[in-house]
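Chemist:
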Amino acid sequence: MTQIEKVWERIKLARSTDRPTSRKLIQTLFPDFLELHGDRLYGDDAAIIGGLATFNDMPVTIIAEEKGTNTNDKLKHNFGMPHPEGYRKALRLMKQAEKFRRPIITIIDTPGAYPGLGAEERGQAGAIALNLKELMVLKTPIIVIILGEGGSGGALAIGVGDHIMMFENAIYSILSPEGFASILFKDSTKAKEAAHLMKLTAEDLKYFGVIDEILMEGKGLNTNPTTGFNNLKKALVKQLNKLTKTPINQLLETRYNKFKKMGEYEESVKKNEQLND
Amino acid sequence: MNHLLDERKRRLSIFHEIIKKRPIETKPVDIPDGVFTQCEQCNSAIYNKDLEDNFEVCPFCSYHFRISAAKRIQYTLDENTFKPLFEEITSKNPLGMPEYEDKLKKGQRISKMNEAFLAGTGKIDGQELAIGVLDSYFMMGSMGSVVGERITRLIEYAASNLLPLVIFSASGGARMQEGILSLMQMAKTSGALNLLDEKGLVYISVMTNPTTGGVAASFASLGDINIAEKSSLIGFAGARVIKQTIGQDLPAGFQTDIFQLEKGQVDLVVFRSHMKQTLSFLLKIHHKESKS
Numbered sequence: 001m002t003q004i005e006k007v008w009e010r011i012k013l014a015r016s017t018d019r020p021t022s023r024k025l026i027q028t029l030f031p032d033f034l035e036l037h038g039d040r041l042y043g044d045d046a047a048i049i050g051g052l053a054t055f056n057d058m059p060v061t062i063i064a065e066e067k068g069t070n071t072n073d074k075l076k077h078n079f080g081m082p083h084p085e086g087y088r089k090a091l092r093l094m095k096q097a098e099k100f101r102r103p104i105i106t107i108i109d110t111p112g113a114y115p116g117l118g119a120e121e122r123g124q125a126g127a128i129a130l131n132l133k134e135l136m137v138l139k140t141p142i143i144v145i146i147l148g149e150g151g152s153g154g155a156l157a158i159g160v161g162d163h164i165m166m167f168e169n170a171i172y173s174i175l176s177p178e179g180f181a182s183i184l185f186k187d188s189t190k191a192k193e194a195a196h197l198m199k200l201t202a203e204d205l206k207y208f209g210v211i212d213e214i215l216m217e218g219k220g221l222n223t224n225p226t227t228g229f230n231n232l233k234k235a236l237v238k239q240l241n242k243l244t245k246t247p248i249n250q251l252l253e254t255r256y257n258k259f260k261k262m263g264e265y266e267e268s269v270k271k272n273e274q275l276n277d
Numbered sequence: 001m002n003h004l005l006d007e008r009k010r011r012l013s014i015f016h017e018i019i020k021k022r023p024i025e026t027k028p029v030d031i032p033d034g035v036f037t038q039c040e041q042c043n044s045a046i047y048n049k050d051l052e053d054n055f056e057v058c059p060f061c062s063y064h065f066r067i068s069a070a071k072r073i074q075y076t077l078d079e080n081t082f083k084p085l086f087e088e089i090t091s092k093n094p095l096g097m098p099e100y101e102d103k104l105k106k107g108q109r110i111s112k113m114n115e116a117f118l119a120g121t122g123k124i125d126g127q128e129l130a131i132g133v134l135d136s137y138f139m140m141g142s143m144g145s146v147v148g149e150r151i152t153r154l155i156e157y158a159a160s161n162l163l164p165l166v167i168f169s170a171s172g173g174a175r176m177q178e179g180i181l182s183l184m185q186m187a188k189t190s191g192a193l194n195l196l197d198e199k200g201l202v203y204i205s206v207m208t209n210p211t212t213g214g215v216a217a218s219f220a221s222l223g224d225i226n227i228a229e230k231s232s233l234i235g236f237a238g239a240r241v242i243k244q245t246i247g248q249d250l251p252a253g254f255q256t257d258i259f260q261l262e263k264g265q266v267d268l269v270v271f272r273s274h275m276k277q278t279l280s281f282l283l284k285i286h287h288k289e290s291k292s
C-alpha cells in the first residue's frame, strides 16, 4: 500500500459509522455519567453533550462532540456539527468545572462547526473564538481526546488543554481533505492526494507538537474498542494524577507555552540588535 | 424633530433612487489606464484622484475599496510615527506543500510586504498604541505560523509595555498551506489576549473586508470593542459552503457589516473616513499611563 493509500485508509476508519462515537466511550469509561443541558441563552445543541461523572471516584466534567449512530440519531446530533449554542454550553459547563476545581475531559469527533444560516446569525465565529480564549486560562486541568474526526475550528473550540491525546486512527486537520483539494487543486476529487499532503495523522501531529500522546487501538476501535479504551483509561489515570497535583499557575503557564510553541518559522537576528551586542 | 428626520430620510431615498438610475458606466475603453477606477459595487467610473482623496471610498455609493496595510497605517496613524516590529520573523514551508514558496514570493511581490501581517507601534492624535494590520493582498491575509507568531508577540509587547492594542483584520482565514499549524494559531493568538485582560488594557478589533474563517473565529472577534468597517464581509463559513449545506439561497446582505451589527456581533459600523477619530476617542476613554 502506498503512503497515500495508507493515509486514506485512516480517514475512512476515522469517519466510518462502525467507529464508536463519544456516547459509547462515555458509557464504557464513565458509566455514572449524568448529562446536563443547555447554554442558558438560546437552546440545547445535541452535537455537543456535556455533563458530570466520576472517574476512579474523582468528579470530572465531560464535554463531547457526538455524531450519532443511526440515521435518526445522526440527524438529532446534526452529524456532530455544533452550532454556537453548543460551544456556549461547553463553555458554561467548563466554567462550572473551574468553580469546583473539577478536571475537564473533552472528546473531539466532528467534521467541523456547522456552516449554516442560524449558526452565522448567532455568532459561530465569536463563540469559537471565545472558547479558545477562555480555555487557555481556565483554572482546572483540561484533558483532550481526539476520538475520530478533528475538523478544524469546530474541533479546536473544545481542544485547548493541558494534555492532548489522539487515537491511532483519528485525524485532525484544518479542513476536510475534500475541501482542501478544492481550494488547493480546484478539484475536490483529489482528496486522497490532499489528505497525504495535509499531515493529519496522529504521527504527523505528534511530530509537530500539536498533540502530546498517541493512543494505540490494538485491532482498531472500529473492530474492537476494548484495547483502545483500556489504553485511554490508563492514560487518563496517569494524567489526572499528574495534572491535579500540578499547582494551577504552573499548569496555566505550561498550557500557554505549549500553544505558544506551535508553528514553524524563520527568525533572523535583527541588524540593530547585532550592533548593540 | 421627527418630521425633520422623516424629511431627510425621504430625500435620501430620492437621492438613492437617482443614484440607482444613473447610467451605468461600462468599461471605459477610451480612457487611459490609471486615470479612472470602476467601482466594484455601483460600477461608476471614479476619477483616481477623487478615490485617493476620499480614503479609497467610492464617492457615489460609499463602497470601501480594499486597501493595503501601508495605506491603512497612513490613514490611521499620525504621520511618521509608525515603527515596525517582528519583521525578522518569516515563513518556512513546514509541511513541504508544493508551490507554497512561489505563492509566498508572489504575495511579497504584490503586497510589497514580507508577510501578511504588519506589526508595530505608533500614535493616534499623540496617543501611543500597538497596532497590527493584515494585508489581504498577501495570500488573502491568511494566518499561518508567522502571522500567528507576530500577532502573539504584538499582544505580549502591548501587555509588557502597557499599550492599548488595535488590530485591523482583512483575511480569508487560516493559511491552508501550513495545515494544522495554521489552525493552532487560532488558539495561540486568542489565548494571548488574556494577557491584556490581566493588565486592564484595551484591545480594539477592526474587522475590514473580508474577515472570515479562522481569523473571524479567533482574535478578530475578541475585541473589548469590535468594529466593522463599512462594506465588509464578515463571517465564519463561506457563503458558497453554507448554500451547499442548507440547499437554499441566502438572504440579501448576508454576512455584511450591517448583518453583523443587526445580529449583535459587532459594537459599531464605522466609515473609513471616521475610523481615526473613532479610534482616537476609544483610546482616550481607555487611557492608561504607558511604560515608555
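Protein chains in written order, with this note's numbering: chain Z, 1 to 277; chain L, 1 to 292. No residue lacks a Cβ here, since even glycine has one placed at the ideal position from N, Cα and C.
Buried or exposed: which applies to Ser317 (chain L), given that a residue is buried once 16 or more other Cβ atoms fall within 10 Å of its Cβ?
Modeler: The requested residue 317 (chain L) is not part of the displayed model; chain L covers only 1 to 292.
Chemist: Could you list which residues in chain Z have their beta carbon closer than 9 Å to that of Pro94 (chain L), in chain order?
Modeler: Annotation: Cβ neighbours of Pro94 (chain L) in chain Z (cutoff 9 Å, chain order): Lys199, Phe208, Gly263, Glu264, Tyr265.
Chemist: Give me, in chain order, the residues of the same chain whose beta-carbon lies closer than 7 Å to that of Thr37 (chain L); leave out the 5 immediate sequence neighbours on both sides.
Modeler: Ile46, Asn48, Leu51
Chemist: Phe208 (chain Z) by DSSP, collapsed to three states: which one?
Modeler: coil
Chemist: Which whole-angstrom value describes the C-beta separation of Leu181 (chain L) and Thr121 (chain L), a residue pair presumed to lie in contact below a C-beta threshold of 8 Å?
Modeler: Not a contact, Cβ separation roughly 27 Å.
Chemist: Using the beta-carbon count (16 or more within 10 Å), is Glu101 (chain L) buried or exposed?
Modeler: In this structure Glu101 (chain L) is exposed. Its beta-carbon is surrounded by fewer than 16 other beta-carbon atoms within 10 angstroms.
Chemist: Would you mind telling me which residues of chain L sit closer than 8 Å to Tyr172 (chain Z), beta carbon to beta carbon, in chain order?
Modeler: Ile180
Chemist: What residue does the beta strand (DSSP E) around Glu149 (chain Z) start on, and which one ends it?
Modeler: 142–151
Chemist: Would you list, in sequence order, the uninterrupted beta strand (DSSP E) runs of no fewer than 3 residues that lie entirely inside the segment 187–226 of chain L?
Modeler: 203–212
Chemist: Considering only the beta carbon of each residue, do Gly153 (chain Z) and Ala220 (chain L) sit closer than 9 Å?
Modeler: no
Chemist: Name the one or two DSSP bridge partners that Ile234 (chain L) has.
Modeler: Ile234 (chain L) pairs with L:Thr211.
Chemist: Determine the contact status of Val215 (chain L) and Met113 (chain L), defining contact as a CB-CB distance below 9 Å.
Modeler: Result no, Cβ atoms of Val215 (chain L) and Met113 (chain L) do not sit closer than 9 Å.
Chemist: Ends of the alpha helix (DSSP H) at Met139 (chain L)?
Modeler: From DSSP, Met139 (chain L) is part of no alpha helix (DSSP H); its letter is neither H nor E.
Chemist: Can you list, in chain order, the residues of its chain with a C-beta nearer than 6 Å to that of Leu261 (chain L)? Leave out the 5 residues immediately preceding and following it.
Modeler: Val269
Chemist: Anything in chain L within Cβ reach of Phe180 (chain Z), meaning under 9 Å, just list it in chain order.
Modeler: Met176, Gly179
Chemist: State the DSSP-derived secondary structure class of Val266 (chain L), mapped to helix, strand or coil.
Modeler: coil
Chemist: Against chain Z, with Cβ distances strictly below 9 Å, would Met139 (chain L) count as a contact?
Modeler: So no, Met139 (chain L) is outside the interface.
Chemist: Once DSSP output is grouped into helix, strand and coil, what is the label at Met184 (chain L)?
Modeler: helix
Chemist: Give the straight-line distance between the Cα atoms of Glu267 (chain Z) and Thr152 (chain L), rounded to the nearest whole angstrom.
Modeler: 15 Å
Chemist: Answer yes or no: do Ile108 (chain Z) and Tyr172 (chain Z) have a C-beta to C-beta separation smaller than 9 Å?
Modeler: It is a contact, given that the beta carbons lie within the stated cut-off.
Chemist: Start and end of the alpha helix (DSSP H) containing Lys133 (chain Z)?
Modeler: 124–136
Chemist: Have a look at Ala127 (chain Z) and Ala90 (chain Z) and give me their C-alpha separation to the nearest angstrom.
Modeler: 10 Å
Chemist: For a cutoff of 9 Å on Cβ pairs, would you count Tyr256 (chain Z) as touching chain L?
Modeler: yes
Chemist: Around the C-beta of Ile14 (chain L), are 16 or more other C-beta atoms found within 10 angstroms, so that it is buried, or is it exposed?
Modeler: exposed
Chemist: Could you name the residues of the same chain whose beta carbon sits closer than 6 Å to that of Thr227 (chain Z), not counting the 5 residues immediately before and after it, in chain order?
Modeler: Within its own chain, the residues whose Cβ lies closer than 6 Å to the Cβ of Thr227 (chain Z), once the five positions on either side in sequence are excluded, are Gly218, listed in chain order.
Chemist: Indicate the three-state DSSP secondary structure (helix, strand or coil) for Ser160 (chain L) in the structure shown.
Modeler: Collapsing the DSSP output to three states places Ser160 (chain L) in a helix.
Chemist: Between which two residues does the beta strand (DSSP E) containing Gly34 (chain L) stretch?
Modeler: No beta strand (DSSP E) holds Gly34 (chain L); DSSP gives it neither H nor E.
Chemist: Is Tyr47 (chain L) helix, strand or coil when you go by DSSP?
Modeler: strand
Chemist: Using 9 Å as the limit for Cβ to Cβ distance, is Leu91 (chain Z) near chain L?
Modeler: no
Chemist: Is the CB-CB distance between Leu147 (chain Z) and Pro31 (chain Z) below 9 Å?
Modeler: no
Chemist: Mind checking who Val60 (chain Z) pairs with in its DSSP beta bridge?
Modeler: BP columns for Val60 (chain Z) point to Z:Ala53.
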